[in-house]
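Asker:
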Amino acid sequence: MLRINSIRKGIVIDHIKPGYGMKIYEYLKLQDANFTVALIMNAISRKYGRKDMIKIENVIDLDLAMLGFIDPKITVNIIEDEVIKEKINLSLPDRIEGVIECKNPRCITSEEREIVHKFVLIDKEKAIYKCEYCDHIYQGR
Ligand SMILES: [Zn+2]
C-alpha cells in the first residue's frame, strides 16, 4: 500500500477505475506540470479490486463535475500537512457543459459552432444525458 503522507500538500485522486487514470491525467494536463505528479495504475484497492490513482503535489483547480462524469466513483482527497483535510466523493453531475458533443446533425450546436454543448442528466442509474437544445440522448456507459 502506498502511503498518502508522501505528499505534504496537494491532492490525491483515488479510486479511479483502472484504465481511466491516464485519461484524467491528460484531461488535467498533468504532463505539463512543473510540480510532482504520480500516476499509479492498477494499484490494489480493498474496495474495487484494482484502481488507478493520481497524486498531485500542488493545489490545483479541479473540475469536479468533469471528473464525476469521467468516473463517478472517484474520491478526491485534499492533503494538508501530510494528512487528509477533506475527502470528496464524486457523483455523476446533473449538468455538463462543453464536455460531450451532441451527435444530432439537426441540432443547433451542429450548425452554430460557437454554441457550448450542454447536457442534462435524465437517468442516474444508466448515466443517460440529453441535449439541452434538441433532447438528443447521450448514453455514457
Ligand atoms: Zn442537440
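Count the sequence shown with my numbering and you get residues 79 to 219, in order. Where a beta carbon is used, it is the ideal one built from N, C-alpha and C, also for glycine.
Could you check the C-alpha separation between Lys-208 and His-214 for me, to the nearest Å?
Answerer: 5 Å
Asker: By how many angstroms is the C-alpha of Arg-173 removed from the C-alpha of Asp-110?
Answerer: Per the coordinates, the alpha-carbon of Asp-110 lies some 28 Å from the alpha-carbon of Arg-173.
Asker: Take the Cβ of Met-79 as the centre, count every other Cβ of all protein chains shown within 10 Å, and call the residue buried at 16 or more, exposed below.
Answerer: For Met-79, the predicted structure reports a pLDDT of 42, less than 50, and the residue's modelled location is therefore unreliable. A value from the coordinates is still provided. Answer is exposed; the Cβ neighbour count stays below 16.
Asker: At which residues does the alpha helix (DSSP H) containing Tyr-216 begin and terminate?
Answerer: Here Tyr-216 belongs to no alpha helix (DSSP H); instead the beta strand (DSSP E) covers 215-217.
Asker: Between the stretch 137-146 and the stretch 161-171, do at least 3 Cβ pairs fall closer than 8 Å?
Answerer: Here the stretch 137-146 lies against the stretch 161-171, with 3 or more beta-carbon pairs under 8 Å apart.
Asker: Which residues end up in the neighbourhood of ligand 1 when you take C-beta atoms closer than 5 Å to any of its heavy atoms?
Answerer: Cys-180, Asn-182, Cys-185, Cys-209, Tyr-211, Cys-212 and His-214
Asker: Quick check on the DSSP output: what are the complete alpha helix (DSSP H) runs of length 4 or more inside the stretch 154-206, in order along the chain?
Answerer: 186-189
Asker: Which class does Gly-88 belong to by DSSP, given the choice of helix, strand or coil?
Answerer: strand
Asker: Looking only at its own chain, which residues have a Cβ that is under 8 Å from the Cβ of Glu-135, when we skip the five neighbours before and after it?
Answerer: Hits under 8 Å: Ile-85, Arg-86, Lys-87, Gly-88, Phe-113, Thr-114 and Val-115.
Asker: In whole angstroms, what separates the C-alpha of Glu-104 from that of Ile-132?
Answerer: 11 Å
Asker: Could you check if Lys-202 is buried or exposed, using at least 16 other CB atoms within 10 Å of its CB as the buried criterion?
Answerer: exposed
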